[in-house]
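Position one of the sequence shown corresponds to residue 1 (full-length UniProt numbering), numbered consecutively onward.
Cβ atoms here follow ideal geometry from the backbone N, Cα and C, with glycine treated the same way.
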Amino acid sequence: MPTQRQILEDRLHESINKKAAKRSKNPPAAQKAKSVPGKENRAARASQRQAVQKAVKKPATIQWAKVENHPLTDQLLTIIEDKPRYRQAFGFSKEPGTNATTGGQTLVDLYTEVAGELLVSGEDSNFTEDDLPELQKVVSNRISALKKLYRDNRNELGQTGQGLVDSETTHEIEAGTHLANVWDRIKLKFPWYERLNKLFGTNPAIDRGAIANSQTTVDTSILGATSKKRKGRTSSRAKSPSVDSSSGDSGDESGSDQGISWSESDVGGGVGHGDESHDGGGDSGSDGGGDGGGGDSDDDGGDSDLGNAKPNKHARQRASLPPPAVQKPGRTSNRTRSGSLSKPASTPQSTKRKASVMEQITEMAHEDRSQRVKIVEVKQRGKTHRSRVKYTTQNDLEMARLKHQESQSALQREHDLAMMDRQMEVERIRAAAHAHFPPGHYRGPDPAATGYGLPLPHHAIDPNLRNW
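Structure follows, in structure tokens:
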């Protein structure tokens with residue numbers, strides 16, 4: 001029979017064996033690395049070393065302000081100048097006559113191309129293609145900094161100095177002047193100013209010569225010419241052109257713009273004017289020698305008899321039908337017109353001239369001015385009313401204060417007079433009392449009646465009471 005100790009030892013050995021079996025099935029990472037052959041193990045260590053170097057490597061930076069790095073800025077500007085797509089994408093003006101397209105590339109792609117050509121492709125370069133994500137940011141920041149420095153120096157140079165730079169006559173700047181000092185300082189601190197000036201050219205972001213503001217005068221002559229043309233077209237439409245009876249071809253416009261009164265043509269030899277009851281002007285508008293326009297009439301044009309009444313009647317019936325020809329765009333048929341040419345008073349819309357743009361602007365300005373004047377008048381009336389109320393209130397308060405002061409003075413005067421009367425009455429009473437009782441006379445009550453007599457001579461008496 002095994003003892004308790006033996007049972008515990010057996011269980012302990014069993015658990016140790018199970019753990020050893022599990023450890024043999026899943027060896028640790030260190031043991032796996034040792035089991036790899038030597039060549040593959042060296043490659044793994046090299047990849048780990050590169051990963052550590054990448055993690056420890058500092059971001060790519062370039063100190064553009066140093067003199068030894070100034071050639072990099074010159075090369076950067078040369079790269080941008082040589083390719084129009086760089087100039088267009090980076091905000092510069094392209095050369096006239098050149099067409100540039102980015103080909104679907106983004107700014108990041110273009111900055112990466114420039115960074116690779118400028119900083120990576122060189123023989124003595126310290127950067128690799130792995131640094132391009134950082135280098136494109138460096139190039140982008142440098143281009144932005146060059147733009148900002150150019151704008152600042154352009155503003156400092158002024159219009160006069162910039163005009164000399166544009167015309168390449170900076171040698172005409174007089175020495176010792178303020179402009180000469182500014183130009184010398186720009187050439188010393190920013191020697192790429194002239195190259196950037198050529199790159200920008202007439203870019204509206206820099207050159208504001210083509211941009212107007214509220215103070216810029218506007219050439220309104222073209223507006224007047226447009227209004228004159230519109231007025232001429234309106235007046236020509238309003239006129240009533242006559243139809244020549246001797247001409248067989250009246251044209252499409254005469255047939256669509258004017259109607260012919262056949263009752264008048266029968267009497268007057270084929271010369272008709274517009275009438276409200278007809279559409280499209282009969283056959284003279286569609287046929288060159290129709291029945292209604294006098295195309296079949298003789299040269300004299302004034303010969304009319306009863307024999308012509310019958311065909312003219314048929315022509316009048318044909319004219320009452322809608323015209324088969326398609327009207328020109330912008331033209332309106334006589335059916336939609338409110339009256340004939342013989343009644344110009346019934347067509348006020350055809351002769352009404354449309355207001356030009358300048359007239360509308362002038363009218364709007366007058367309306368705006370009148371509204372402003374009304375607003376100012378209302379404000380001024382309110383201000384005057386408030387001032388009047390303020391001054392009236394102050395005046396009323398001052399008058400009330402003066403009245404109160406006057407009443408108080410009257411009351412005080414009455415009180416003083418009353419007190420003076422009382423004092424005079426008291427003095428009068430005192431004077432009468434002294435006259436009735438002479439000094440040294442005792443005016444007290446009768447000693448026999450009261451039981452009190454005169455004081456003894458050896459007693460001290462108050463001197464003030466001796467005369468009482």
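For L199, the closest C-alpha among the options T170, E398, Y86, A60 is that of Y86. With respect to E68, P84 sits apart: the two C-beta atoms are not nearer than 8 Å. If the five residues before and after G161 are omitted, its C-beta is found closer than 7 Å to the C-beta atoms of L179, V182, W183, all from its own chain and listed in chain order.
According to the DSSP assignment, T98 belongs to no alpha helix (DSSP H), since it is labelled neither H nor E. Here the alpha carbon of Q136 sits roughly 15 Å from the alpha carbon of S125. In this structure, DSSP gives E168 a state outside helix and strand, which the three-state scheme calls coil. Ranking K383, E194, E134 by CA distance to the CA of Y111 puts E134 first.
Between E123 and I79, the gap from beta carbon to beta carbon reaches 8 Å or more. The three-state reading of DSSP puts K83 in coil, since its state is none of H, G, I, E or B.
Going by DSSP, N197 is part of the alpha helix (DSSP H) stretching over 193–200.
In the three-state scheme derived from DSSP, where H, G and I count as helix and E and B as strand, T112 is classed as helix. Going by C-alpha positions, E427 is about 51 Å away from T393. Its Cα nearest to that of K187, the residue R154 stands out among A89, M399, M364, R154.
Counting other Cβ atoms within 10 Å of its Cβ, L132 reaches 16 or more and is therefore classed as buried.
In the displayed model, W64 falls within coil according to three-state DSSP, outside both helix and strand.
Between V139 and V120, the gap from beta carbon to beta carbon reaches 8 Å or more.
Nearest Cα to A145 within the set T384, G163, Y193: Y193. Each of Q75, T106, N99, T98 was checked against the Cα of F90, and the nearest Cα belongs to T106. The Cβ-Cβ distance between L72 and I62 falls below 8 Å. In this structure, L149 and F190 form a Cβ contact; the two beta carbons are roughly 5 Å apart against a cut-off of 8 Å.
Between the C-alpha atoms of K403 and R413 there is a straight-line separation of about 15 Å. Here E123 carries a coil assignment [DSSP, helix/strand/coil]. Around the C-beta of N197, 16 or more other C-beta atoms lie within 10 Å, and the residue is accordingly described as buried.
Here R422 is exposed: its Cβ has fewer than 16 other Cβ atoms, across all protein chains shown, within 10 Å. For D184, the uninterrupted alpha helix (DSSP H) run begins and ends at 178–189, by DSSP.
Taking 8 Å as the cut-off, the Cβ atoms of R151 and W64 do not count as close. When only Cα atoms are considered, V357 and E363 end up about 10 Å apart.
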